[in-house]
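Line order of the protein sequences matches chains A and B.
Position 245, counted from 1, in the first sequence is what my numbering calls 245; the numbers after and before it change by one each time, with no gaps.
Every number in my numbering is 1000 more than the matching position in the second sequence, counting from 1.
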Amino acid sequence: MFDLVSFIPRAVVQSIPLLYGATGETLTEKSGNLNLGIPGIMYVGGISGVIGAFLYEQAAGGSLNPVLAVAIPTLACLLGSALMGLLYCFLTVTLRANQNVTGLAMTTFGVGFGNFFGGSLIKLTGSEVPSIALSATSGYFSASLPFAEDLGWFGKIFLSYGFLAYTAIALALISSYVLRHTRTGLHLRAVGENPATADAAGINIGRYKYVATVTGSMIAGLGGLYYVMDYACGVWSNDAFGDRGWLAIALVIFTTWRPNVGILSSMLFGGLYILYLFVPTGMNLSVKELYKMLPYVVTIVVLVISSMRNKRENQPPESLGLAYFREDR
Amino acid sequence: MSKQNNAPLIQISKRRELPWYGPIAIRAAAIVLALAACAVVTTAFTGENPLEIYHTMWTGAFGTPRKTWILFQNIAILLCVSLAVTPAFIMRFWNIGAEGQMLIGGLATAACMILLGDKLPNPVLIGIMLLAALAAGGLWGAIPAVCKARWNTNETLFTLMMNYVATQLVAFFVIVWEVPKGAGKIGIINQTTEAGWLPQIGSYKYLLNILIVAVLTAAMYVYLTRSKQGYEIAVVGQSQRTARYVGIKVGRVIVRTMILSGALCGLAGFLLVAGTDHTITTTIAGGRGFTAVMVSWLANFNPINMILTSFLLVFLERGAGEIATNFGLNHSFGDIITGIILFFIIGSEFFIRYQLRLRKNAGKEA
């Protein structure tokens, strides 16, 4: 029998990094920047948080202050991912470099950065296993409400997560609201659709692109932090984050650039991502590999169907992937 | 910008045509700066003399004949993938699915080797393997292309997703064909019979691969610059409207070019499986599909320049690997170095296309 009460929480914890990545990438893409560096940025966010937590745990010795133990890794994570976002903007907005190439280079760099410092920290701690454990810090990140345990299946499905999971949902709702119902969001969408027109209307194109992309990077970086501190219980091991960054980019298309839709779709993705663990296949292990294909196949199907229906509100921002140069008209 | 005071401090404008040495000088300067930056970073982590480090990189790439051959073999495969993605890029079709097209080509090759290994004479077998790899890669490229041509589906994400579908297919077949059962890998295929292995020229194991790719480079250059199809690709890339106006069937060009692109990626997979590794794993492409995007773009989509850019990237990777081993750093250090150098080169393109002028006090409108 399919155990829904244990399936849903696992799908949700899988979905949170994807949701962070997708919300960040949606903001970025709305400004016309296709940031393929998101997978790298999420690695950098994760490892920056780990470095922050590591230094703090070392400095504080045994007694951690709960507020600092959460604040320091979070700030480190935001700083690291913001720097990556700035680098991307400097190259693509100021220097008008090709966004695809810049993004791929950022991913190479970011994944390398994460694994390098992860590896170095592992060496510093001199541990036997190739991973670094920050269980004390992780305890603060993954703390759920004290009475959640008493509420049975309700508590398990809705209240068993750390605060970063709820932050992810809040951020997605806020982004959605900002994009659809505020003047800033209107301007941002204008920049992504048609920068020349937006420029003529007096909107500062460069500033909007910078702010949206850096904010987006910071949100995506939090996904990396959530993964290490909450999902993985504070254990950093190299390459563990895997291809979630690319899935987050796929999720943006899946949601047709709407962060609020992202909340449920990311959970669907998270479910598909772990479905193979719950499907009884008996001795035939190979079939599990085919189940792992599901999130990607579903994305492809959605991609094709949404392009076939060709509804105007489901299309990518018009100038996505193109650099803007005022004198180019 | 009508008032002088409001003119920006630095004005950016498109450059006129640079003399031929201009772009080369700017790129060289970028590489020198990048190497300097990498030296600072490396010294910060290792405390070693930067010159020592570059010497280590050099020995990592060319230290022994064996290392040199591996270097050239890696260049050949990367160059093959880069050549494969280039026609699509010239058409502004962002094929980042080279990784999956390679994998599926390699999978087709391996399937033929395993299933037909002892049943056919070797030349026939290799012929079938080659055709299977080309067909599989071509199919993997054609699926997104058909959707792009008919419904304008976003190709960047479609090809990206196709990578994972290919990876999982390989993972599935690796378990189906694993030797021994439960090992989770296939191991060397046909180790005793060497059925389906590409022949070795003299004592040089990788020479055949390198020769094939050299011929391919020349052929691709001619195809892109001298053939009617190459011209059509360029027109579609510049402006689809113009292409339609002059009577080019845009959809057909897109699908045809992507089949070519995918098939050549399949060829790279074939060379890897039949000519080099004689096995298949999910990581056999090793990120080359993504690196190829950068190789092709850095070379301005010119096949001859790609020899240089693929050399640069493989040299960096091998060299940085050697640094990591020698100085006890972990291997991801190579990715950091490669990333830094790429950022500098990507940034330098700006200075080739645009020029900066400081505002003059008496400034006239440009």
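Quick reminder that beta carbons are idealized off the backbone N, C-alpha and C, glycines included.
Chain-ordered chain A contacts of residue i [CB-CB under 7 Å]
i: B:Ile1171; result: According to the sequence shown, residue 1171 of chain B is Ala rather than Ile. The answer, in chain order, is Glu289.
i: B:Trp1297; result: Asn98, Val101
i: B:Gln1229; result: The contacting residues do not exist; B:Gln1229 stays about 24 Å from chain A at best.
Amino acids of chain B, ordered along the chain, whose beta-carbon sits closer than 8 Å to that of residue i
i: A:Met267; result: In chain order: nothing, as chain B lies at least about 19 Å away.
i: A:Ser307; result: Cys1147, Trp1151, Asn1152, Thr1153, Asn1154
i: A:Phe113; result: Ser1332, Asp1335, Ile1336, Gly1339
i: A:Ile116; result: The displayed chain sequence assigns Phe, not Ile, to residue 116 of chain A. Ordered by position in chain B, the residues that pass the 8 Å Cβ test against A:Phe116 are Leu1329, Asn1330, Ser1332, Phe1333, Asp1335, Ile1336.
i: A:Asp243; result: Tyr1164
i: A:Ile249; result: Leu1157, Leu1160
Extent of the continuous alpha helix (DSSP H) to which residue i belongs
i: A:Lys292; result: Looking at the DSSP string, A:Lys292 is not in any alpha helix (DSSP H), and its letter there is neither H nor E.
i: A:Ser265; result: 259 to 278
i: A:Arg96; result: Segment: none, A:Arg96 is in no alpha helix (DSSP H) and carries neither H nor E.
i: A:Pro195; result: 195 to 200
i: A:Ile16; result: 4 to 30
i: B:Ile1284; result: Counting along the chain, B:Ile1284 falls outside any alpha helix (DSSP H), and DSSP gives it neither H nor E.
i: B:Thr1064; result: No alpha helix (DSSP H) holds B:Thr1064; DSSP gives it neither H nor E.
i: A:Ser81; result: 66 to 89
i: B:Ala1195; result: Careful: B:Ala1195 lies outside any alpha helix (DSSP H) and carries neither H nor E.
i: B:Gly1097; result: Unbroken run through B:Gly1097: none, as it is neither H nor E.
i: A:Gly321; result: Run containing A:Gly321: none; DSSP gives neither H nor E here.
i: A:Glu327; result: Looking at the DSSP string, A:Glu327 is not in any alpha helix (DSSP H), and its letter there is neither H nor E.
i: B:Ile1119; result: Before going further, note that residue 1119 of chain B is Lys rather than Ile in the sequence given. Neither: B:Lys1119 is in no alpha helix (DSSP H) and is coded neither H nor E.
Min CB distance residue i to chain A below 7 Å
i: B:Asp1277; result: no
i: B:Tyr1164; result: yes
i: B:Ser1422; result: Look at the range of chain B in this structure, 1001 to 1366, and you will see that residue 1422 of chain B is not part of it.
i: B:Gln1240; result: no
i: B:Lys1003; result: Legend: pLDDT at B:Lys1003 = 46, less than 50; position of this residue unreliable, no value from coordinates given.
i: B:Lys1364; result: At B:Lys1364, the pLDDT of 47 sits below 50, so the modelled position is not reliable; the number obtained from the coordinates is stated separately. With 7 Å as the cut-off, B:Lys1364 does not count as an interface residue toward chain A.
i: B:Trp1427; result: Because chain B in this structure spans residues 1001 to 1366, residue 1427 of chain B falls outside the shown range and cannot be described.
i: B:Trp1140; result: no
i: B:Gly1347; result: yes
i: B:Tyr1054; result: no
i: B:Phe1290; result: yes
i: B:Val1293; result: yes
i: B:Arg1016; result: no
i: B:Leu1342; result: yes
i: B:Gln1200; result: no
i: B:Ile1175; result: yes
Short CB-CB distance (under 7 Å) between residue i and chain B
i: A:Val261; result: no
i: A:Phe141; result: no
i: A:Leu124; result: no
i: A:Ile253; result: yes
i: A:Thr330; result: This structure does not reach residue 330 of chain A, given that chain A is present from 1 up to 329, and the question cannot be answered.
i: A:Ser286; result: yes
i: A:Leu322; result: no
i: A:Ala105; result: yes
i: A:Leu303; result: yes
i: A:Thr26; result: no
i: A:Lys292; result: yes
i: A:Met1; result: Legend: pLDDT at A:Met1 = 47, less than 50; position of this residue unreliable, value from coordinates given subsequently. Closer than 7 Å: no.
i: A:Thr197; result: no
i: A:Ser319; result: no
Start and end residues, beta strand (DSSP E) containing residue i
i: A:Val330; result: Residue 330 of chain A lies beyond the range of chain A shown here (1 to 329); nothing can be said about it.
i: B:Lys1014; result: 1010 to 1014
i: B:Tyr1354; result: 1354 to 1358
Where residue i meets chain B, residues with beta-carbon distance less than 9 Å
i: A:Ser120; result: Phe1045, Leu1329, Asn1330
i: A:Gly45; result: Correct list: empty, because the minimum Cβ distance to chain B is about 16 Å.
i: A:Asn310; result: Trp1151, Asn1152
Strand pairing of residue i, partner residues [DSSP]
i: B:Tyr1204; result: B:Ile1201
i: A:Ala170; result: Paired residue(s): none; A:Ala170 is not in a bridge.
i: A:Ile132; result: A:Trp236
Under 7 Å by beta carbon: chain B residues contacting residue i
i: A:Tyr296; result: Met1161, Tyr1164, Val1165
i: A:Pro39; result: Per Cβ cutoff of 7 Å: no residues; A:Pro39 is ~10 Å from chain B at best.
Partners in chain A for residue i, counting only beta-carbon separations shorter than 8 Å
i: B:Ala1321; result: The question names Ala, yet the displayed sequence has Gly at residue 1321 of chain B. By Cβ distance, chain A contributes nothing, its closest Cβ being about 12 Å from B:Gly1321, past 8 Å.
Contacts that residue i makes with chain A (C-beta to C-beta distance below 9 Å)
i: B:Phe1350; result: Leu91, Thr94, Leu95, Arg96, Ala97
| message | With three or more beta-carbon pairs closer than 8 Å as the criterion, would you say the region 1124 to 1139 of chain B touches the region 1262 to 1277 of chain B? | response | Yes, the region 1124 to 1139 of chain B touches the region 1262 to 1277 of chain B.
| message | I want to know whether the region 1144 to 1151 of chain B touches the region 301 to 312 of chain A - three or more CB-CB distances under 8 Å. | response | Judged by Cβ distances under 8 Å, the region 1144 to 1151 of chain B makes contact with the region 301 to 312 of chain A, as three or more pairs qualify.
| query | Counting pairs of Cβ atoms below 8 Å between the region 1280 to 1293 of chain B and the region 1160 to 1176 of chain B, do you hit three or more? | reply | A contact is defined here as three or more CB-CB pairs under 8 Å, and the region 1280 to 1293 of chain B meets this definition with respect to the region 1160 to 1176 of chain B.
| request: Flag this pair as touching only if the region 1296 to 1306 of chain B and the region 1074 to 1086 of chain B have three or more C-beta atom pairs under 8 Å; answer yes or no. | output: Yes, the region 1296 to 1306 of chain B is in contact with the region 1074 to 1086 of chain B.
| Is it true that the region 38 to 45 of chain A meets the region 60 to 71 of chain A, where meeting means three or more beta-carbon pairs spaced less than 8 Å apart? | Output reads no: the region 60 to 71 of chain A does not touch the region 38 to 45 of chain A.
| Are the region 98 to 107 of chain A and the region 178 to 198 of chain A touching, with three or more C-beta to C-beta distances below 8 Å? | Result no; under three Cβ-Cβ pairs closer than 8 Å.
| task | Count the C-beta pairs between the region 1323 to 1331 of chain B and the region 70 to 88 of chain A that are closer than 8 Å, then say yes if the count reaches three, no if not. | result | At 8 Å Cβ cutoff, the stretches do not touch.
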